[in-house]
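Residue numbers (our numbering): 4 to 332. Ideal Cβ placement from N, Cα and C applies to all residues, glycine included. Data block below; observations after.
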Amino acid sequence: MYKIAIISGDGIGKEVMSACEYLLDKLDLNFSFKYGEAGYECFKNNGITLPEETIKIANKSDAVLFGASTSTPGQPSPIINLRKALNVYANIRPIKSYKGVKCIRDDIDFVIVRENTEGLYSQKEYEENNKLIAERIITHTASERISKAAFHLCLKRGQSKVTCVHKSNVLKKTDGIFKESFYKIAKNYPQITTEDYYVDAMAMYLLTQPQNFEVIVSSNLFGDILSDESAGLVGGLGLAPSGNIGDHNGLFEPVHGSAPDIAGKNIANPCSMILSAAMMLDYLGEWEISNNIKKAVEKVIAECNIRTPDLGGTSTTMEVTKAITKELI
């Protein structure tokens, strides 16, 4: 039996998580769900965005599913703090073209590997002599670790190129370390082609030649921005899953936020949450079921009959979920 921590969060996080649980309940697998709170609603109820009890539940689980959280003014991000608490240092964001969806190209299939524990997302800000300062922390250890994760993933995916993204011409020390660490690790993978680009150039190349990339590794903020840009190439955040992987924990979540403007309307696209659950199953070693879920999502999307409004349809969250589930059972 797999022990899965469920943290729905806020807004459409609750809706897509309910949809995801519906699908998981239909699979020929045994799950034990344990529920934790996090996010803005949690703050209103408990005065904290990420309770210690939620962290304990997550740490004791085989994997964690997270929905979405709404930003709470003056409070730390619950998802960033949960990633740190679980030490899930590699944020994995696949970007793939789907048949039937308006994409910039139909042959896009790359993944962004984003360092998950430091950079500007260290959340260390302070005021000094009328200046507001945000610390951008980059270490040799984390930079080498995320590069190893990128090269390992490249081999796992059967691909042959890893691209490093940085801004070492301006941030000579911090991004200098990141780039140097990348090429240091690359020496252990002579069979893999390597290259590096400045982040501004990479933002353009993702629009002009996305088919040329396979695995992209970057620091926290750059990786976050580029992965959202990349989702726009292939149909939007409703099709963008992600996994946060560490040495001992796995945390899986859709890339999208809590979308309060559509919360409660049952029109949120559940595909990114369901695809995140497929990534979780892959992490747990249930590769066949994971692949079957991905194929079911692809088939439902390709047939064009059942889609949520973000993909030009009129279907509800649960109608799409049930259509995907039907392909599995």
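| Asked | Found |
| --- | --- |
| Less than 9 Å separating the beta-carbons of LEU331 and ASN272? | no |
| Please classify LYS176: does DSSP put it in a helix, a strand, or coil? | coil |
| Does the structure place the region 111-123 close enough to the region 269-284 that three or more beta carbon pairs sit under 8 Å? | no |
| Helix, strand or coil for VAL104? Go by DSSP, reduced to three states. | coil |
| Take GLY50 as the anchor and find which of PHE36, ALA71, PRO79, LEU68 has the nearest alpha-carbon. | PRO79 |
| Can you give the beta carbon distance from THR197 to TYR186, rounded, assuming they're within the 8 Å contact cut? | 7 Å |
| Would you mind listing the alpha helix (DSSP H) stretches within the region 224-306 that are 4+ residues and don't spill past its ends, in chain order? | 274-286, 290-306 |
| Indicate whether VAL165 and ALA189 have their beta-carbon atoms separated by less than 9 Å. | yes |
| Nearest to GLY333 by CA position, among ASN247, ASP250, GLY249, ASP231, is which residue? | Outside the modelled stretch of the chain, which goes from 4 to 332, sits residue 333, for which no answer is possible. |
| Pick out the complete beta strand (DSSP E) segments inside the region 97-146, 3 residues or longer, and give them in chain order. | 112-118, 128-131, 134-137 |
| For MET321, which of LYS105, GLU24, GLN194, ALA41 has the nearest alpha-carbon? | GLU24 |
| Classify PRO76 as buried or exposed, calling it buried when 16 or more other Cβ atoms lie within 10 Å of its own Cβ. | exposed |
| Have a look at the DSSP bridge pairing and note the partners of TYR192. | TYR192 pairs with nothing; no bridge assigned. |
| Leaving aside the five residues before and after SER171 along the sequence, list all residues of the same chain whose C-beta is less than 6 Å from its C-beta, in chain order. | ASP178, GLY179, LYS182 |
| On the DSSP letters alone, give me the boundaries of the alpha helix (DSSP H) that LYS63 sits inside. | Segment: none, LYS63 is in no alpha helix (DSSP H) and carries neither H nor E. |
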